[in-house]
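Enquirer: Here you go, one structure.
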Amino acid sequence: MRDYVEIGVGREARRTYSLEDISIVPSRRTRSSKDVDTTWNIDAYTFDIPVMSHPTDALASPEFVIEMYRQGGLGVINAEGLWGRHADLDAAVDRVISAVTGGDAFDGGAAAIAALQELHSAPIDDDLLAERIGEVRASGATVAVRVSPQRARELAPKVIQAGAELLVIQGTMISAEHVAEGGEPLNLKEFIGSLEVPVIAGGVADYTTALHLMRTGAAGVIVGGGPNTNQLALGIEVPMATAIADVAAARREYLDETGGRYVHIIADGEIENSGDVAKAIACGADAVMLGTPLATATEAAGRGTFWPAVAAHPRFPRGIVQDLRSLLDDTATLETVLNGPSTDPFGYQNIVGGLRRAMAKCGYTDLKSFQKVGLAVNL
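Residue numbers (the UniProt record's numbering): 1 to 379.
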């Protein structure tokens, strides 16, 4: 039963929960973490760990994406980022890093955002973007490329031709039909049906939108808006525990509706450590999309500076440039951050190892069954 409270005469609001509001409750036998399988399968692709990277140039250099694949995860390229706009990718990223004022890890960094906006004002060079996508494809890594709903019709065919194997259509919030005044609306059902690669789409925050998005034929649905400032800029916030559970309920209905078509849920928001990863999957997610937790890895393009893709919006940025360089550890490779071993006791490193141990402590051996674990609300 949904819990509604009266916030004023004639106005009610639903009580919802963030990941920090809940805890996992062990209630059955324990197992060895060596017996836990974290394999994630989506469409024809198999990954050893249920982790995608946020599509930002702060993370994704070609080397980072290749290393993500080597560690068992999926690195995501932003087709509308710097990859196709600047031949000297390192110099472009360095310009953002040098503009960060530093000190406060949550300083929005107006100068850095201005640098991002200027860098993103350069046109996309289709040949340069294709060349870099081809470099990743030639390494043997699975290639996932993100496009926005606004530019999906224009860019998707180009990145697929260049070698993209998974297409991510992602905005902070998305619907099954993106309406643009004066232009042709993007009908995702028709659009996805015309593509030859599986599509992951999002983000969504509620049952109805998620069900509509599943009916478009998407292989996966992203829950949440990622590391953005929508709460401050727009008054919109996604309480992730409730949102994931709602979308998981929509998936069950869609599974019955279609006679067995399973749509994967990827959680993108409120996830900073291994405990958050475990709770997201316990609520019903199949995988998670990580941003800041990967930013301190030595392979990350930003070298401890992080920003989401929406920070570069030319008129209304909804993401901050975080200076995490004070947290850098020269030994914290992507392998250490994701798979350990680690000396960090707080779950910021060996993130998948923490997930394995949480599953083992609760007696589960695979991700799907772990979605049935007991949960408690932290009062």
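Don't be surprised by glycine CBs; every beta carbon is placed ideally from N, CA and C.
Looking at C-alpha atoms only, which residue of S53, E335 and L19 is the closest neighbour of P308?
Expert: Taking the first residue of the sequence shown as position 1, residue 308 is located at position 308. Residue S53 is the option with its Cα nearest to P308.
Enquirer: When burial is assigned at 16 or more other CB atoms within 10 Å of the CB, is N78 buried or exposed?
Expert: For the purposes of this step, residue 78 is identified with residue 78 of the sequence shown, where counting begins at 1. N78 is buried by the Cβ-count criterion.
Enquirer: Please work out which residues of its chain come closer than 8 Å, Cβ to Cβ, to A105, disregarding the five sequence neighbours upstream and downstream, and give them in chain order.
Expert: Counting from one through the sequence shown, the residue named residue 105 turns up at place 105. Residue confidence for A105 is low, a pLDDT of 45 falling below 50, so the modelled location carries little weight and cannot support an answer.
Enquirer: Does DSSP put A141 in a helix, in a strand, or in coil?
Expert: As a position in the sequence shown, residue 141 is number 141, starting the count at 1. Coil, per DSSP.
Enquirer: Look up S98 in the DSSP assignment and say whether it is helix, strand or coil.
Expert: Here the question's residue 98 lines up with position 98 in the sequence shown. The answer is helix: DSSP assigns S98 an H, G or I state.
Enquirer: How long is the line joining the alpha carbons of T298 and E63, rounded to whole angstroms?
Expert: Numbered from its first residue, the sequence shown carries residue 298 at position 298. Numbered from its first residue, the sequence shown carries residue 63 at position 63. Roughly 11 Å between the two C-alpha positions.
Enquirer: From G259 to A218, what does the alpha carbon distance come to, in whole angstroms?
Expert: For the purposes of this step, residue 259 is identified with residue 259 of the sequence shown, where counting begins at 1. For the purposes of this step, residue 218 is identified with residue 218 of the sequence shown, where counting begins at 1. Going from the Cα of G259 to the Cα of A218 covers about 16 Å.
Enquirer: Considering Cα atoms alone, identify which of H264, D246 and M240 is closest to E272.
Expert: Residue numbering aside, residue 272 sits at position 272 when the sequence shown is read from its first letter. The residue with the shortest Cα to Cα distance from E272 is M240.
Enquirer: For the pair the stretch 139–148 and the stretch 113–121, tell me if three or more CB-CB distances fall below 8 Å.
Expert: The stretch 139–148, when compared against the stretch 113–121, does not touch it at the 8 Å Cβ threshold.
Enquirer: Report all residues from its chain with a CB closer than 7 Å to the CB of A87; omit the five preceding and five following residues, and keep chain order.
Expert: Within the sequence shown, numbered from 1, the residue matching residue 87 stands at position 87. Cβ neighbours of A87 beyond the five flanking positions: L128.
Enquirer: Once the 5 residues before and after V25 are set aside, which same chain residues still bring their CB inside 6 Å of it?
Expert: Residue numbering aside, residue 25 sits at position 25 when the sequence shown is read from its first letter. Same-chain partners within the cutoff: G374 and A376.
Enquirer: Under a three-way DSSP split, which group does R251 fall into?
Expert: Residue mapping note: residue 251 aligns to position 251 of the sequence shown, counting from 1. Correct three-state label for R251: helix.
Enquirer: Do three or more CB pairs link the stretch 237–251 to the stretch 328–335 at distances below 8 Å?
Expert: With the cut-off at 8 Å, the stretch 237–251 and the stretch 328–335 do not touch.
Enquirer: With 16 other CB atoms within 10 Å as the buried threshold, where does G102 fall?
Expert: Taking the sequence shown and counting its residues from 1, the one referred to as residue 102 is at position 102. At G102 the pLDDT is 49, less than 50, meaning the model places this residue with poor confidence; the figure from the coordinates comes in the next sentence. Per the 10 Å Cβ criterion, exposed.
Enquirer: Which residues does DSSP list as the beta-bridge partners of S121?
Expert: Locating residue 121 in the sequence shown gives position 121, where the first residue counts as 1. Bridge partners of S121: none, in fact.
Enquirer: With H, G and I counted as helix, E and B as strand and the rest as coil, what does DSSP make of A287?
Expert: As a first step, residue 287 is located in the sequence shown; it is residue number 287 there, counting from the start. It is a strand residue.
Enquirer: For A311 and N350, I'd like the C-alpha separation in whole angstroms.
Expert: For the purposes of this step, residue 311 is taken as the residue at position 311 of the sequence shown. For the purposes of this step, residue 350 is taken as the residue at position 350 of the sequence shown. Roughly 28 Å between the two C-alpha positions.
Enquirer: Could you check whether the Cβ of K158 sits closer than 8 Å to any Cβ belonging to chain C?
Expert: Of the protein chains in this structure there is only one, and it is not chain C.
Enquirer: Please determine, among L188, E165, A280 and D48, the residue with the shortest C-alpha to C-alpha distance to P198.
Expert: Here residue 198 refers to the residue found at position 198 of the sequence shown. Residue E165 is the option with its Cα nearest to P198.
Enquirer: Report yes if the CB atom of D276 is closer than 8 Å to the CB atom of M289, and no otherwise.
Expert: Numbered from its first residue, the sequence shown carries residue 276 at position 276. Numbered from its first residue, the sequence shown carries residue 289 at position 289. Taking 8 Å as the Cβ cut-off, D276 and M289 do not qualify as a contacting pair.
Enquirer: Can at least three beta-carbon pairs, one atom from the stretch 5–20 and one from the stretch 184–196, be found at a separation below 8 Å?
Expert: Verdict: no, contact absent.
Enquirer: Looking at S33: is its Cβ nearer than 8 Å to the Cβ of R251?
Expert: Sequence index remark: in the sequence shown, residue 33 carries index 33 (1-based). Sequence index remark: in the sequence shown, residue 251 carries index 251 (1-based). No, these two residues do not count as a Cβ contact at 8 Å.
Enquirer: Could you give the DSSP three-state label for G275: helix, strand or coil?
Expert: Taking the first residue of the sequence shown as 1, we reach residue 275 at position 275. Three-state DSSP puts G275 in a helix.
Enquirer: Helix, strand or coil for I49, going by three-state DSSP, please let me know.
Expert: In the sequence shown, counting from the first residue as 1, residue 49 sits at position 49. In this structure, I49 counts as coil in the three-state DSSP scheme.
Enquirer: Are G291 and I265 closer than 8 Å when you measure CB to CB?
Expert: As a position in the sequence shown, residue 291 is number 291, starting the count at 1. As a position in the sequence shown, residue 265 is number 265, starting the count at 1. Contact flag unset, no.
Enquirer: Helix, strand or coil: which one does DSSP assign to L186?
Expert: Taking the first residue of the sequence shown as position 1, residue 186 is located at position 186. L186 falls in the strand class under three-state DSSP.
Enquirer: Does the beta-carbon distance from A51 to L232 come in below 8 Å?
Expert: The sequence position of residue 51 within the sequence shown is 51, counting from 1. The sequence position of residue 232 within the sequence shown is 232, counting from 1. Looking at the sequence shown, residue 51 is not Ala but Val. No, the Cβ-Cβ distance between V51 and L232 is not below 8 Å.
Enquirer: Round the Cβ separation of I281 and F346 to the nearest angstrom and send it over; I've been treating them as touching at under 8 Å.
Expert: Within the sequence shown, residue 281 is the residue found at index 281, counting from 1. Within the sequence shown, residue 346 is the residue found at index 346, counting from 1. Not a contact, Cβ separation roughly 19 Å.
Enquirer: Work out the CA separation of R318 and residue 421 for me, nearest whole Å.
Expert: It is not possible to answer for residue 421, since the shown part of the chain is limited to 1 through 379.
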